[in-house]
Structures are given as C-alpha cells and as structure tokens.
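There are 2 protein chains.
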Amino acid sequence: MKEEIVMGLYHPATEDLELPTVLHALSDPQRLHIVRELAVAEEAQPCGRFTVNVSKSTCTHHFRVLREAGVIQQHHLGTAKMNTLRRADIDARFPGLLDAVLAAAPAEPAIA
Amino acid sequence: MKEEIVMGLYHPATEDLELPTVLHALSDPQRLHIVRELAVAEEAQPCGRFTVNVSKSTCTHHFRVLREAGVIQQHHLGTAKMNTLRRADIDARFPGLLDAVLAAAPAEPAIA
DNA sequence: TCGTAAGTACGACGATCATCGTAGCAGATA
DNA sequence: TATCTGCTACGATGATCGTCGTACTTACGA
Numbered sequence: 014m015k016e017e018i019v020m021g022l023y024h025p026a027t028e029d030l031e032l033p034t035v036l037h038a039l040s041d042p043q044r045l046h047i048v049r050e051l052a053v054a055e056e057a058q059p060c061g062r063f064t065v066n067v068s069k070s071t072c073t074h075h076f077r078v079l080r081e082a083g084v085i086q087q088h089h090l091g092t093a094k095m096n097t098l099r100r101a102d103i104d105a106r107f108p109g110l111l112d113a114v115l116a117a118a119p120a121e122p123a124i125a
Numbered sequence: 014m015k016e017e018i019v020m021g022l023y024h025p026a027t028e029d030l031e032l033p034t035v036l037h038a039l040s041d042p043q044r045l046h047i048v049r050e051l052a053v054a055e056e057a058q059p060c061g062r063f064t065v066n067v068s069k070s071t072c073t074h075h076f077r078v079l080r081e082a083g084v085i086q087q088h089h090l091g092t093a094k095m096n097t098l099r100r101a102d103i104d105a106r107f108p109g110l111l112d113a114v115l116a117a118a119p120a121e122p123a124i125a
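So the sequences go chain by chain: A and B.
The numbering used here runs 13 ahead of the 1-based position in the first sequence.
The numbering used here runs 13 ahead of the 1-based position in the second sequence.
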C-alpha cells in the first residue's frame with residue numbers, strides 16, 4: 014500500500030504495479046510511441062520533445078496515465094517536466110514484459 | 014491483409030496481429046483470467062467452463078474481444094464453442110510477450 | 001518587470017467499453 | 001417432435017477514454 018510521491022506527483026510503488034493497469038497504459042498507440050522513444054533515450058526527456066500528433070493537453074493526459082500506471086517517472090526541472098522509463102521497476106515486477114513490448118512492432122509509426 | 018475465417022468466425026492472420034489491440038485485449042482482468050486458464054489447459058475449452066464472475070452475455074463479449082484481437086481461436090463443436098490460445102502465433106509475432114504476461118501476477122483472482 | 005515557454009486544470013464532446021437482461025437460435029437428446 | 005443446453009443477438013445503461021480548446025500557473029530570460 015506504500016505510495017511514493019516524487020516532487021508532488023503520484024507514483025505507484027513497484028510492488029503495487031498492476032498488470033491490467035500497465036497493459037492498458039501500453040495499449041494506446043500514442044503512449045506506446047512515447048514509451049518507445051523513452052526506451053532509447055539516454056537521459057530524462059521533457060514532455061515537449063516527443064513526436065506525438067496530439068494537442069498539448071492530450072499529451073499531458075497520456076503522460077499522467079503512464080505515470081499513474083507506474084510505467085514512467087516524472088519530476089519537475091525548471092518549467093519542464095522530465096520523464097524517465099521505470100524500466101528496472103517494471104522488470105522487477107513483470108520480468109520480460111517491457112522487453113517484449115519494446116521488441117515488438119518497432120516500425121509502427123505514431124501517425125494514428 | 015489476409016484474414017482467416019474459421020467456421021464462420023473472424024480471426025486475424027498472424028502477421029496482422031497488432032500490439033495495441035493485443036495489449037488492450039489482455040488489459041481486462043476477466044480476459045486475463047480466461048487467458049491464464051486457457052494457458053494451463055491441455056485441450057480446447059468450451060466457453061462455459063471458465064471461472065468468470067460475469068453474465069453469459071458479457072462472457073460472450075470477452076471471448077469475441079480475445080478472438081478478434083488474435084489471442085484465442087474459436088471453433089464450434091456441437092452446441093459448444095471451443096477455445097484455444099493462439100500461443101504459437103502470438104509468440105511468432107510478439108516473442109516473449111505472452112510468457113511475460115502469463116508469468117506475471119498468477120495469483121490475482123478473478124473476483125474483480 | 002514584462003514576456004515567453006512548458007505544462008496543467010477544467011470542462012466538454014463523441015466514442016468506446018464492460019455490463020446486464022431478455023429473447024432467440026442451433027445441436028444434441030429424448 | 002419436443003425439450004434442453006450452450007451460446008449469440010440485440011438493445012440499454014453507466015462508466016471510462018481519447019481528444020480538444022481555453023484559461024491559468026510557474027519558471028526562466030531579456
């Protein structure tokens with residue numbers, strides 16, 4: 014039941030990650046695209062630097078879904094909000110899941 | 014674009030399986046439970062033999078979602094409709110995905 | 001101090017979803 | 001033929017979802 018608050022933002026604890034919630038977070042093409050870009054990034058990325066064809070408010074919505082599902086971690090940095098993939102946490106809770114998702118369909122564009 | 018019709022039921026071809034669709038199909042607790050029961054079954058199972066706490070019509074809906082996503086294959090047998098997991102197809106298209114999903118959260122009940 | 005850049009909050013909208021009950025159909029069985 | 005079993009079709013309903021625009025906040029920089 015432990016929950017972690019990082020810089021005022023809700024993040025579920027690793028042991029509280031739920032499979033249906035994570036799968037649902039990953040079942041949207043836009044969010045899948047964000048996760049894939051995040052997976053190849055070396056460092057934390059601000060929300061604005063993603064190739065997503067939706068409005069800013071929709072983008073905020075998708076990042077919140079990913080964060081509340083435990084897929085990404087967010088923290089403020091100046092006016093920006095930096096995003097990192099919670100790869101170790103997801104691997105610990107659901108071994109192999111993230112690798113399988115990232116290995117699949119890397120060619121699918123975010124046009125949809 | 015090939016599509017396979019098995020006994021009058023639509024089934025997507027292996028190469029047409031889409032990751033978001035499959036993930037969405039697996040993101041429901043009831044359907045996840047069905048898939049898990051199907052994974053440990055030796056043979057094809059009729060729809061009625063699943064421990065699901067929803068009505069019959071809702072059950073029909075969930076099986077259709079799984080079939081149209083390409084997760085299961087269905088065929089009629091008398092009055093029953095038999096279900097099998099398309100494990101080989103999913104493994105071919107998304108290697109490791111099904112294993113990761115099945116390995117995770119095996120203790121989650123279908124009470125929800 | 002003023003402006004700009006990056007995100008958020010807050011509705012709102014149409015679409016999809018999970019659920020149900022009722023009615024009905026197709027095989028199997030008597 | 002009549003009945004039963006297993007499942008589907010067909011709304012209907014309430015909830016959630018993805019999307020948007022507008023207004024707002026906050027931090028940085030000129």
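Note that the Cβ used here is the ideal one computed from N, Cα and C, for glycine as well.
Quick one: give me the first and last residue of the alpha helix (DSSP H) that residue i is part of.
{"i": "residue 38(B)", "result": "32 to 39"}
{"i": "residue 42(B)", "result": "42 to 53"}
{"i": "residue 71(B)", "result": "69 to 82"}
{"i": "residue 112(B)", "result": "110 to 116"}
Can you tell me where the beta strand (DSSP E) holding residue i begins and where it ends?
{"i": "residue 93(A)", "result": "93 to 98"}
{"i": "residue 25(B)", "result": "22 to 25"}
When the cut-off is 7 Å and only beta carbons count, does residue i lie next to chain B?
{"i": "residue 110(A)", "result": "yes"}
{"i": "residue 115(A)", "result": "no"}
Under 8 Å by Cβ, that's how I've got residue i and residue j pegged, so tell me the actual separation to the nearest angstrom.
{"i": "residue 93(B)", "j": "residue 110(A)", "result": "In fact, because the Cβ distance is near 33 Å, the residues do not count as touching under 8 Å."}
{"i": "residue 24(B)", "j": "residue 83(B)", "result": "7 Å"}
{"i": "residue 46(A)", "j": "residue 65(A)", "result": "7 Å"}
{"i": "residue 99(B)", "j": "residue 86(B)", "result": "5 Å"}
{"i": "residue 40(A)", "j": "residue 33(B)", "result": "5 Å"}
{"i": "residue 38(A)", "j": "residue 78(A)", "result": "5 Å"}
Compare the C-beta of residue i against all C-beta atoms of chain A and say whether one is closer than 7 Å.
{"i": "residue 37(B)", "result": "yes"}
{"i": "residue 27(B)", "result": "no"}
{"i": "residue 30(B)", "result": "no"}
{"i": "residue 40(B)", "result": "yes"}
{"i": "residue 21(B)", "result": "no"}
Is any heavy atom in the ligand SAH found nearer than 6 Å to the beta carbon of residue i?
{"i": "residue 77(B)", "result": "Judged by which ligands are present, the structure shown has none, so any question about the ligand SAH falls away."}
Chain A contacts from the region 44 to 64 of chain B (Cβ-Cβ distance under 7 Å) = 45
Residues of the region 95 to 109 of chain B with Cβ closer than 9 Å to any Cβ of chain A, in chain order = 106, 107, 108, 109
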